[in-house]
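Residue 145 in UniProt numbering sits at position 145 of the first sequence, with consecutive numbering throughout. C-beta: ideal position from N, C-alpha, C; glycine also. A short write-up of the structure that comes next.
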Amino acid sequence: MLAVFILAKIAMRYWLMKSEPDEVSIDDALAAPDQTVAWTGVRNYQARNFMRDVMQIGDGVLFYHSSCPQPGIAGLAEVASTPYPDETQFDPHSPYYDPKATRESPRWMLVDVRAVRKTRLVPLAEMRAAPALEGMQVLQKGSRLSITPVTKCEWNYILKRML
DNA sequence: GCCAACGTTGGC
DNA sequence: GCCAACGTTGGC
């Protein structure tokens, strides 16, 4: 059991997950039952694969607000479930409906995300201005992925210096 | 609303 | 497998 615990700690990962606050803001997530929301609507294979194949319960999450007046990190969260099918892919009335997905072979998987706390807003411009963060995947030119890995260094820097 | 950049689709 | 056309993302 100790070995399992140590391996789990070693495998601990960090992520940045984008959400449009008009849809789900950090406040919405904090107000949800158990402060937990299903991360619906991801329709990009790379982002899906992170949720389906790589994320583990307890992984740290930077909750990022995108497509809004003040884009930036708005809170801290954590991965709160193992992967399971995104229900919205089966709903013809959902904007995330995928006619090619079936319950027998779902195409889109998600995880639950539990909001831990709101932070001061760390604006995108401030992140770009920080030399320590210049390697962050989400800041790379042309990056559009809504879920990106964050290194332990980047995570620590953001927590200690920016939040 | 603009537009750069990227991802997906589908004809060949 | 190539690649042009199209759709989407997301900051500004």
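Boundaries of the alpha helix (DSSP H) around I26: I26 to A31.
Looking at the DSSP output, K18 shares a beta bridge with Y64. Residues L110 and D112 of the same chain have their beta carbon placed closer than 7 Å to that of A38, with the five preceding and five following residues left out of the count. Between the segment 114–121 and the segment 88–98 there are fewer than three inter-stretch CB-CB distances shorter than 8 Å, so the stretches are not counted as touching. If you draw a straight line from the Cα of I158 to the Cα of T88, it is about 33 Å long. In this structure A74 does not touch I147 by the C-beta definition: roughly 16 Å separates them, more than the 8 Å allowed.
Assigned with DSSP and collapsed to three states, L139 falls in helix. When the beta-carbon positions are compared, R13 and Q46 stay at least 8 Å from each other.
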